[in-house]
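The block underneath contains the structure these notes are about, expressed in structure tokens.
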Amino acid sequence: MAGGETVGRAGRAAHIRSFVRRQGRLSNAQQRYHEQMMTRIGVPYRATAVDLDLLFGRQAARILEIGFGMGETSAAIAAAHPQTDYLGVEVHTPGVGSLCKLVAEMGLTNLRIVQHDAVEVLRDMLLPASLDGAHIFFPDPWPKTRHHKRRLLQPAFVALLVSRLRPGAYIHCATDWEEYAQQMLAVLSAESLLENTAAGFAPRPAYRQPTRFEERGRRLGHGVWDLLFRRRPPSLQAEDHRQDQLA
Ligand SMILES: C[S@@+](CC[C@H](N)C(=O)[O-])C[C@H]1O[C@@H](n2cnc3c(N)ncnc32)[C@H](O)[C@@H]1O
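Here our numbering = 1-based position in the sequence shown + 26.
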């Protein structure tokens, strides 16, 4: 399907895709690992909720990563945090094959992959308040004005993502595109269920190793902006609601 198309099914709100399906070159290794590993760690898209405890075979903190690219950073984070489970979502087949290879080589048991549009994965497969965090590192910046509608970080998407976070869970975004960074800051700040953990942009947390896309940006002289927001705890939400009622 071409990028930017509006998609939807009966009874579902249509949305504009944030990606274009690229062919890309699939190396022999990526293809082999994709075939071998997706039967073990791949989670086929489905229109009903997934039981994450069953999927990972344990109870643990759960972090969603959207658009992991070639997956080096995802694998490094999962390896450094064996007590936490990671669900990576990516549409690009070479990237999925590449992360499959890393998972196999590093013997990771705490990472699963869904190869599908993350908007539909969030909407259909993940229950409300089921996540402890979300990583969105260097989402496609779509720099041309006529393509801004394809950017992932929009109010409706943020509202959907926040609904899948437990109170206290975090959203960590990063971008090398300054104007998108400002948009992210505005959109995340405008979501009443979120609070910024920093005064504006956040220092890069130590767990986020530089990603492939980030390194490419740095070579081009781009800056990098991290954003770290948290879903407000229920007491604060109730208090805000009370203040709204009083106002
Ligand atoms: C600019 S790349 C960054 C990749 C990686 N995070 C990095 O920093 O190297 C953005 C990635 O997000 C993926 N992507 C974009 N929209 C997506 C969506 N709705 N669902 C899943 N993946 C998506 C693209 O396929 C692409 O690989």
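Each residue gets a CB set at the ideal place from its N, CA and C atoms; glycine is no exception.
- When the alpha-carbon of A160 is set against those of R48, R234 and R72, the nearest one is in R234.
- From the listed residues T171, L125, V117 and E146, the smallest Cα separation to S100 is found for L125.
- Here the C-alpha atom of Q49 lies approximately 34 Å from the C-alpha atom of D79.
- In this chain, the alpha helix (DSSP H) harbouring E241 covers R238 to R245.
- At a threshold of 7 Å, V145 counts as near ligand 1, since its beta carbon sits closer than that to one of the ligand's heavy atoms.
- At a cut-off of 7 Å, the beta-carbon of I67 does not count as near ligand 1: no heavy atom of the ligand is closer than that.
- Here the alpha carbon of Y112 sits roughly 14 Å from the alpha carbon of I197.
- If you draw a straight line from the Cα of Y71 to the Cα of G249, it comes to about 35 Å.
- Taking a contact as a CB-CB distance under 8 Å, the pair P167 and W203 counts as one, their CB atoms being some 4 Å apart.
- Judged by beta-carbon spacing, V145 lies beyond the 8 Å limit of R47, meaning their Cβ atoms are not closer than that value.
- Of the candidates P169, T223 and E98, E98 places its Cα closest to the Cα of E131.
- Only residues of its own chain outside the window of five on either side were considered, and among them P193 have a CB closer than 6 Å to the CB of P260, listed in chain order.
- One Cα belongs to R138, the other to L219, and the distance between them is close to 28 Å.
- DSSP places P70 outside both helix and strand once states are collapsed to three, so it counts as coil.
- With a cutoff of 7 Å, R238 counts as near ligand 1, since its C-beta is closer than that to a heavy atom of the ligand.
- One Cα belongs to R257, the other to Q85, and the distance between them is close to 21 Å.
- In this structure L148 is not in contact with M210, their Cβ atoms being roughly 17 Å apart against a cut-off of 8 Å.
- In this structure K127 is buried. Its beta-carbon is surrounded by 16 or more other beta-carbon atoms within 10 angstroms.
- In this structure, G123 sits away from H173, with a CB-CB distance that is not shorter than 8 Å.
- For E116, no alpha helix (DSSP H) segment is defined, and its DSSP state is neither H nor E.
- Ligand 1 has no heavy atom closer than 7 Å to the beta-carbon of L128.
- Among the bridge pairs identified by DSSP, A200 is matched with F163 and D252.
- Short note on I92: C-beta closer than 7 Å to some heavy atom of ligand 1.
- Assigned with DSSP and collapsed to three states, G194 falls in strand.
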